[in-house]
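Have a look at the structure below before the remarks.
Residue numbers (my numbering), protein chains in the order written: chain W, 49 to 354; chain L, 3 to 382.
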């Protein structure tokens, strides 16, 4: 049993450490690339270089330290993004710009290669082999225009590649003026009848299916019970007063039916002012008075796990 | 001497007396009222005492910038408030609710699930009314969920759809949950005849352990596939129930329905109460929310009772349902079911409706979580 626990914990730890990390990196993509920058974004040194924008498509933060950027398929480990830089991470649906200055000593976000038309830019996982994403730059890409990946579709998780005359480094590439769902509903369903109709139908449908399934399971259970031989009744004796024993035996009497359970429960609840604790169905549990917890020796026992 | 006077003057400016406004005092009075109601009347004391005291805490007039207010980043109250703001208290409460709820009343009579569905009309009725009063759809959705009569669901949804209205929505939801006996009884009596109130329903059958174990798994799969956006609430509700019913995780179930839910209920009540700072709470919108909240409870109760009456037109003999359990579709567990029992006994002391009413009551919990998921999917 102990070995099984250790095994389960080990497997979960391994899953947490490896699988999830790898899954996060695959949420990255190259959002936008600009090769010839004559009139646009300047870097921290006041220079205008080509740039590569990375975008996090997921709803969680992704750390990309340790990944690689390259413009050469035969050398995918061309620029190594420093693992130690705490800034090497992207929040949900955020983007970040790498300047292709050709001089990596300028900082984490400066690559050791410059961009050129007709090349392909690779974003490579921290194993140095797995290509997470790549973008082909057209050989005739004009100056100050970028290759951009624009999200589309209901989920905004599909991307189409376009040439963009108005680059947006470090900004969301989709429609920044996109309306919220609430605004869309306000236009399409100003009085709310459509949503109400759909929602009521869905609530009824969900609960009807549930009712149907459990009706069916209940019937199957009844049939099973009928066909099974009747088990001999076993009566347990415990420490109880004659009055309680009489009440319970009355409740268990087949002649009186199950309603007596409810009646006794209510009567006890009324009498004991909430002292009746009914956890399991059809079982009445009466908690003994614990007295002062300081004086109760059982409170001092260590609750060992089974 | 001048130095002493200057320092005293400075001290005075830091006191609550110097910063007090009538709005703060009004909110403190409401907080005291909540505590009084909870203690004297015994209405939802586990919720109204923390909320009431939280209201007092949140409305102590103070000099801004001391980094102690609930809306000031990094303060203790703000840190505790994150559980409400980020929406992780409500699913934890649902875990506890799942671990303490016995679904056997529902499993034994699955048809009663539909009453729980009918009562969710309170949510959508309030949504329509809120839109008519000029609220945006996301705000209207958050207000509508008050009709689900489910505090954690209301907090969860409003934190996602309309965080600015959350304080008013949460306080409204919990207040009307405390007032369920007052709101529901006259509606139930007005909508039913004496003959209907005397309908006796056959005792529910006993439910096997196997069925109880299957219920949370199938229930979760079905509802979560239909409304994935309800996952945090539905997942925790059914998971908690599986802990209870599996028979092999008793310690986990006991923790979930005991210490865990107690801790989270205390924190959620206190921080929701503290979030009702007068400047954010005492607005015209809050008054509208309180009105809409009341109407949503009225609509939910009305629809539950009317649905049973309509259904009875097609039922015969002992299949008929006592319409006094229609109100229990409002998922204020177990208060609305208790109202069914009490009103039922008024007319026939031998007619116990509690077990029957618990069916729609817990169905209401599932229904309101599904409805919240739908609203979040459409408006979030």
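From the three backbone atoms N, C-alpha and C, an ideal C-beta is built for every residue, glycine too. Bear in mind the structure is a predicted one, so any value in this text is a computation, not a measurement.
Notebook entry, point to check: If we ignore side chains and look at the alpha-carbon of each, how far apart do residue 276 (chain L) and residue 96 (chain L) end up?
Noted result: Here the question's residue 276 (chain L) lines up with position 274 in the second chain. Here the question's residue 96 (chain L) lines up with position 94 in the second chain. The straight-line gap from Cα to Cα measures roughly 22 Å.
Notebook entry, point to check: So, residue 151 (chain L) versus residue 334 (chain L), is the Cβ gap smaller than 8 Å?
Noted result: In the second chain, counting from the first residue as 1, residue 151 (chain L) sits at position 149. In the second chain, counting from the first residue as 1, residue 334 (chain L) sits at position 332. In contact: residue 151 (chain L) and residue 334 (chain L) (Cβ atoms closer than 8 Å).
Notebook entry, point to check: Roughly how many whole angstroms lie between the Cα atoms of residue 212 (chain L) and residue 111 (chain L)?
Noted result: Within the second chain, the letter at position 210 stands for residue 212 (chain L). Within the second chain, the letter at position 109 stands for residue 111 (chain L). Residue 212 (chain L) and residue 111 (chain L): Cα-Cα distance of roughly 16 Å.
Note to self: Closer than 8 Å between beta carbons: that is the criterion. Which residues of the stretch 250 to 261 of chain W meet it against chain L?
What the structure shows: 250, 251, 252, 253, 254, 255, 256, 257, 258, 259, 260, 261
Item checked: Per-residue burial, residue 345 (chain L) [other beta carbons within 10 Å of its own, 16 or more giving buried] -> Counting from 1 along the second chain, the entry for residue 345 (chain L) is found at position 343. Buried is the call here.
Check: Are the beta-carbon atoms of residue 171 (chain W) and residue 185 (chain W) separated by less than 8 Å?
Finding: For the purposes of this step, residue 171 (chain W) is identified with residue 123 of the first chain, where counting begins at 1. For the purposes of this step, residue 185 (chain W) is identified with residue 137 of the first chain, where counting begins at 1. No, they are not a contact pair.
Note to self: Between residue 109 (chain W) and chain L, is the shortest Cβ-Cβ distance under 8 Å, so that the two count as touching?
What the structure shows: In the first chain, residue 109 (chain W) corresponds to position 61, counting from 1. No, residue 109 (chain W) lies away from the interface with chain L (no Cβ there is under 8 Å from its Cβ).
Check: How would you write the range of the beta strand (DSSP E) that residue 98 (chain W) sits in, first residue to last?
Finding: Translated into the one-based positions of the first chain, residue 98 (chain W) becomes position 50. Taken as a continuous stretch (DSSP letters only), the beta strand (DSSP E) holding residue 98 (chain W) covers 98 to 104.
Item checked: residue 255 (chain L): CB within 7 Å of a non-hydrogen atom of the ligand ADP -> This structure simply doesn't include the ligand ADP, nor any ligand for that matter.
Checklist line | Members of the stretch 185 to 218 of chain W that neighbour chain L once the beta carbon cut-off is set at 7 Å | finding: none
Next item on the list: Decide if residue 46 (chain L) is buried, meaning its Cβ has at least 16 other Cβ atoms within 10 Å, or exposed.
Entry: As a working mapping, residue 46 (chain L) is identified with position 44 in the second chain. Counting Cβ neighbours within 10 Å, residue 46 (chain L) comes out buried, since at least 16 surround it.
Notebook entry, point to check: Which of helix, strand or coil does DSSP assign to residue 194 (chain W)?
Noted result: Translated into positions along the first chain, residue 194 (chain W) becomes position 146. Correct three-state label for residue 194 (chain W): strand.
Margin query: If you follow the alpha helix (DSSP H) that residue 230 (chain W) is in, where does it begin and where does it stop?
Written below: Here residue 230 (chain W) is taken as the residue at index 182 of the first chain, counted from 1. Segment 229 to 236, the alpha helix (DSSP H) holding residue 230 (chain W).
Checklist line | the stretch 100 to 111 of chain L touching the stretch 195 to 213 of chain L, judged by at least three CB pairs closer than 8 Å | finding: yes
Note to self: Does the CB of residue 381 (chain L) have a neighbour CB from chain W at under 8 Å?
What the structure shows: Here the question's residue 381 (chain L) lines up with position 379 in the second chain. With 8 Å as the cut-off, residue 381 (chain L) counts as an interface residue toward chain W.
Item checked: CA nearest to the CA of residue 379 (chain L), picked from L:163, L:15, L:356 -> The count along the second chain starts at 1 and reaches residue 379 (chain L) at position 377. Of the listed residues, the one whose Cα sits closest to residue 379 (chain L) is L:163.
Next item on the list: Anything in chain L within Cβ reach of residue 37 (chain W), meaning under 7 Å, just list it in chain order.
Entry: Nothing in the structure corresponds to residue 37 (chain W), since chain W is present only between 49 and 354.
Note to self: One question on the structure: do residue 307 (chain L) and residue 215 (chain L) come within less than 8 Å of each other, judged by their Cβ atoms?
What the structure shows: Numbered from its first residue, the second chain carries residue 307 (chain L) at position 305. Numbered from its first residue, the second chain carries residue 215 (chain L) at position 213. Going by C-beta atoms, residue 307 (chain L) is not nearer than 8 Å to residue 215 (chain L).
Notebook entry, point to check: Closest Cβ-Cβ distance between residue 274 (chain W) and chain L: below 8 Å?
Noted result: Numbered from 1 along the first chain, position 226 holds the residue referred to as residue 274 (chain W). Output row for residue 274 (chain W): interface = no.
Note to self: Buried or exposed for residue 249 (chain W), going by 16 or more other Cβ atoms inside 10 Å?
What the structure shows: In the first chain, counting from the first residue as 1, residue 249 (chain W) sits at position 201. Its Cβ having fewer than 16 others within 10 Å, residue 249 (chain W) is exposed.
Notebook entry, point to check: What do you get for residue 1 (chain L), buried or exposed, if any count of 16 or more other CB atoms within 10 angstroms of its CB means buried?
Noted result: Only positions 3 to 382 of chain L appear in this structure, which leaves residue 1 (chain L) out of reach.
Note to self: Please report whether the beta-carbon of residue 106 (chain W) lies at a distance below 8 Å from any beta-carbon of chain L.
What the structure shows: Working through the first chain from its first residue, we reach residue 106 (chain W) at position 58. No, residue 106 (chain W) lies away from the interface with chain L (no Cβ there is under 8 Å from its Cβ).
Next item on the list: Might you give, ordered along the chain, the residues of its own chain that have their beta carbon closer than 8 Å to the beta carbon of residue 119 (chain L), omitting 5 neighbours on each side?
Entry: As a working note, residue 119 (chain L) is residue 117 in the second chain. 331, 365, 369, listed in sequence order.
Margin query: Contact criterion: CB-CB distance below 8 Å. Does residue 172 (chain W) meet it with respect to chain L?
Written below: As a working mapping, residue 172 (chain W) is identified with position 124 in the first chain. No, its Cβ sits nowhere closer than 8 Å to a Cβ of chain L.
Check: Assuming residue 91 (chain W) contacts residue 147 (chain W) under a Cβ cut-off of 8 Å, what Cβ separation, rounded to an integer in Å, is found between them?
Finding: Reading the first chain from its first residue, position 43 is the one you call residue 91 (chain W). Reading the first chain from its first residue, position 99 is the one you call residue 147 (chain W). With a Cβ gap of about 4 Å, residue 91 (chain W) and residue 147 (chain W) count as contacting.
Notebook entry, point to check: Do residue 311 (chain W) and residue 358 (chain L) have their C-beta atoms closer together than 8 Å?
Noted result: Within the first chain, numbered from 1, the residue matching residue 311 (chain W) stands at position 263. Within the second chain, numbered from 1, the residue matching residue 358 (chain L) stands at position 356. Not closer than 8 Å, so no.
Notebook entry, point to check: When burial is assigned at 16 or more other CB atoms within 10 Å of the CB, is residue 61 (chain L) buried or exposed?
Noted result: Within the second chain, residue 61 (chain L) is the residue found at index 59, counting from 1. Classification of residue 61 (chain L): buried, given that the 10 Å Cβ count is 16 or more.
Note to self: I want to verify the contact list: residues of chain L whose CB lies under 8 Å from the CB of residue 244 (chain W), in sequence order.
What the structure shows: Stepping through the first chain from its first residue, residue 244 (chain W) is reached at position 196. Those are 126, 129, 130, listed as they occur along chain L.
Check: What span of residues does the beta strand (DSSP E) with residue 169 (chain W) cover, start to end?
Finding: Along the first chain, read from residue 1 onward, the residue named residue 169 (chain W) stands at position 121. Where residue 169 (chain W) is concerned, the enclosing beta strand (DSSP E) stretches over 168 to 172.
Check: Which partner residues does residue 73 (chain L) have in the DSSP bridge list?
Finding: Taking the first residue of the second chain as position 1, residue 73 (chain L) is located at position 71. Its beta-bridge partners do not exist; DSSP assigns none.
Item checked: Minimum C-alpha distance to residue 2 (chain L) - residue among L:195, L:185, L:181, L:140 -> An answer regarding residue 2 (chain L) cannot be provided, because it is not within the stretch 3 to 382 covered by chain L.
Checklist line | Pairwise C-alpha distance: residue 134 (chain L) and residue 221 (chain L) | finding: Along the second chain, read from residue 1 onward, the residue named residue 221 (chain L) stands at position 219. Along the second chain, read from residue 1 onward, the residue named residue 134 (chain L) stands at position 132. Going by the C-alpha atoms only, they are around 35 Å apart.
Note to self: Counting only beta-carbon separations shorter than 8 Å, does residue 234 (chain L) have a partner in chain W?
What the structure shows: If you number the second chain from 1, residue 234 (chain L) lands on position 232. Closer than 8 Å: no.
Next item on the list: Give the interface partners of residue 265 (chain W) over in chain L, defined as CB-CB distance under 9 Å, in chain order.
Entry: Start at 1 with the first residue of the first chain, and residue 265 (chain W) comes out as number 217. 109, 112, 212, 213, 216, 217, 220, listed in chain order.
Next item on the list: Determine whether the Cβ of residue 247 (chain W) lies closer than 8 Å to any Cβ atom of chain L.
Entry: What you label residue 247 (chain W) is simply residue 199 of the first chain in a count that begins at 1. It does; some Cβ of chain L falls within 8 Å.
Note to self: Could you check whether the Cβ of residue 138 (chain L) sits closer than 8 Å to any Cβ belonging to chain W?
What the structure shows: Reading the second chain from its first residue, position 136 is the one you call residue 138 (chain L). It does; some Cβ of chain W falls within 8 Å.
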